[in-house]
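Structure (structure tokens):
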């Protein structure tokens, strides 16, 4: 099979999933092959639903989800090819980390389960705690044990649902380094996160999902630019709002100025430029700035902006 | 059967406090038998007949009516239901192991656990109260409890894959269907595992029918019990093959 004819590692075509009248995923399509991809979106956007469908734990209401050309739903054979780290913080607390990873290796029917488990435990740097019961682990350590279990059969595809939850900064850095290295080795890694900074530091590609729809996909820097270049709204309190409004109106980066009920609201196309120039303009107009507040800066509003584009 | 699934299931079941409670419940039945033994005096045919009737009542009303369904309910619902509830089932299901193998292995472990916690105390209590095997009455109860436990476990395991309230539905079946309705309406007894078990005990023992007072004939018990056992197992396999993770967290 040539590289051109080889099916994509992950292929999602016109997938929708609804629960009764609630649409969780709506007509999502994308393909992924190799490298690290971040699935970014606010809580409740549908990231887990999508990952559940990719990992064969949820049937798509319409459309198709395939791993290397094979449908994932009700097909346990796909688990030879994927490693899954679920979001839910569950674990066999009565097993030690090593026992848990060896059990995973045995369930994968690996020829040398102990050796495979030792390798996977080494990858996540858990050697010193491997013989303690998982019940005694911190959240971050439990997460690393789960990652080791998912990696034990050296899968070409790795799916991780909010993998950095509960990890301290050092563990987070180490996990990012591990995933980056695995991505550069040609593995297809898809991880979900609601934290922009996390995705920015790790992912080359990004899928932005909002309210069940794929709002944007592609190179992370391009998406980041779209997010920062959107119009920003500020509320301003000063010693003379009317005079400040008058000097702001003519500026090229200002998209709109309004003064309603004594509240000055300014819309700018360039967050950075406006923040830098507003104090100088106020000084020129002889106005003292009391307060400058960016409004509607939540991640949800940023995502909503991408959807509306 | 999958050895890893079996070991994991066994460790999960044994690690639960409820197993200790079930052991105590079985021990209580043995204690009742022992108290009866201490309070009976004399020998002869009359005493033997009395002991046999007491044994039959004890094993029916405590062993088959309380201990067997309760043990099977906790074993059957916990063997897979507990993992579904706490989310650990994902680690088992996200492996290239057929769902049928997982269900059959878990069912086998649940049955072995239920038999150990049911048939062994039934045999011991019977042996003590009847001061012997009582013409096969005691082993008949213990063997019948093996079959009854298997049917119950298959049903309750299937319950745990159909509803998250398997324990409540299982209790309703035991308390309402078997204890209440089966006493009022003869037709409902056909679907009572307890009545089927009694029919098996009756068929396996040499004791007169009046001692056990079985309400179902053996053929009905075999056919209906077989349908329940196989039907519940097939249902459980199908449910696990189409298992979905519910709930959206992100």
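Residue numbers (the working numbering), protein chains in the order written: chain A, 16 to 324; chain B, 111 to 360.
Every residue, glycine too, gets a C-beta built ideally from N, C-alpha and C.
All of these numbers come straight from a predicted model, not from anything done at the bench.
Distance between residue j and residue i (C-alpha atoms, nearest Å)
i, j, result
"residue 354/B", "residue 181/B", "28 Å"
"residue 59/A", "residue 226/A", "7 Å"
"residue 218/B", "residue 272/B", "19 Å"
"residue 136/A", "residue 116/A", "8 Å"
"residue 175/B", "residue 151/B", "28 Å"
"residue 153/A", "residue 266/A", "53 Å"
"residue 330/B", "residue 300/B", "7 Å"
"residue 198/B", "residue 230/B", "31 Å"
"residue 280/A", "residue 230/A", "28 Å"
"residue 359/B", "residue 61/A", "At residue 359/B, the pLDDT of 45 sits below 50, so the modelled position is not reliable and the matter cannot be decided from this model."
"residue 16/A", "residue 97/A", "Per-residue confidence for residue 16/A stands at a pLDDT of 47, beneath the threshold of 50, marking its modelled position as unreliable; no derived number is given."
"residue 223/B", "residue 119/B", "11 Å"
"residue 261/A", "residue 241/A", "29 Å"
"residue 56/A", "residue 43/A", "14 Å"
"residue 246/B", "residue 164/B", "15 Å"
"residue 370/B", "residue 287/A", "Nothing can be reported for residue 370/B, as the shown portion of chain B is limited to 111 through 360."
"residue 224/A", "residue 128/A", "38 Å"
"residue 203/B", "residue 92/A", "11 Å"
"residue 305/A", "residue 189/A", "43 Å"
"residue 26/A", "residue 182/A", "30 Å"
"residue 265/B", "residue 343/B", "7 Å"
"residue 6/A", "residue 349/B", "Outside the modelled stretch of chain A, which goes from 16 to 324, sits residue 6/A, for which no answer is possible."
"residue 356/B", "residue 213/B", "20 Å"
Cβ neighbours of residue i in the same chain (closer than 6 Å, five flanking residues each side left out)
i, result
"residue 127/B", "none"
"residue 38/A", "227"
"residue 201/A", "49"
"residue 106/A", "149, 157"
"residue 64/A", "32, 39, 40"
"residue 184/B", "128"
"residue 351/B", "209"
"residue 139/A", "159, 162, 163"
"residue 252/B", "229, 232, 233"
"residue 237/B", "248"
"residue 215/B", "111, 112, 115, 116"
Contact check, residue i vs residue j, beta carbons under 8 Å
i, j, result
"residue 125/B", "residue 187/B", "no"
"residue 290/B", "residue 308/B", "no"
"residue 254/B", "residue 314/B", "yes"
"residue 246/A", "residue 273/A", "no"
"residue 179/B", "residue 95/A", "no"
"residue 311/B", "residue 250/B", "yes"
"residue 99/A", "residue 211/A", "no"
"residue 168/A", "residue 125/A", "yes"
"residue 334/B", "residue 306/B", "yes"
"residue 282/B", "residue 346/B", "no"
"residue 81/A", "residue 112/A", "no"
"residue 206/A", "residue 178/A", "yes"
"residue 24/A", "residue 171/A", "yes"
"residue 268/A", "residue 285/A", "yes"
"residue 177/B", "residue 139/B", "yes"
"residue 256/B", "residue 284/B", "no"
Cβ-based neighbour list, residue i, same chain, cut-off 8 Å, excluding 5 preceding and 5 following
i, result
"residue 110/A", "118, 148, 149"
"residue 235/A", "53, 214, 215, 218, 219, 220, 221"
"residue 211/B", "111, 112, 115"
"residue 108/A", "148, 149, 150"
Same chain only: Cβ atoms within 7 Å of residue i, ignoring 5 sequence neighbours per side
i, result
"residue 221/B", "259, 260, 263"
"residue 341/B", "none"
"residue 307/A", "249, 251, 293"
"residue 51/A", "194, 195, 198, 204, 217, 218, 219"
"residue 227/B", "132, 133, 136, 181"
"residue 101/A", "176"
"residue 302/A", "253, 254, 255, 258, 259"
Bridge partner(s) assigned by DSSP for residue i
i, result
"residue 34/A", "37/A"
"residue 269/A", "283/A"
"residue 224/A", "229/A"
"residue 309/A", "249/A"
"residue 25/A", "47/A, 82/A"
"residue 172/A", "97/A, 203/A"
"residue 274/A", "279/A"
"residue 77/A", "31/A"
"residue 108/A", "None; residue 108/A has no bridge partner."
Cβ-Cβ separation, residue j to residue i (assumed contact under 8 Å), whole Å
i, j, result
"residue 375/B", "residue 235/B", "Residue 375/B is absent from the structure shown; chain B starts at 111 and stops at 360."
"residue 84/A", "residue 30/A", "That belief does not hold up - the Cβ atoms of residue 84/A and residue 30/A are roughly 16 Å apart, past 8 Å."
"residue 239/B", "residue 159/B", "No, residue 239/B and residue 159/B are not in contact; Cβ-Cβ is about 13 Å, not under 8 Å."
"residue 46/A", "residue 69/A", "So it is not a contact: roughly 12 Å between Cβ atoms."
"residue 326/B", "residue 303/B", "Going by Cβ atoms, the distance from residue 326/B to residue 303/B rounds to 11 Å, so no, they are not a contact pair."
Beta carbon proximity, residue i to chain E, threshold 8 Å
i, result
"residue 313/B", "Going by chain labels, chain E is absent from the structure shown, which instead holds the protein chains A and B."
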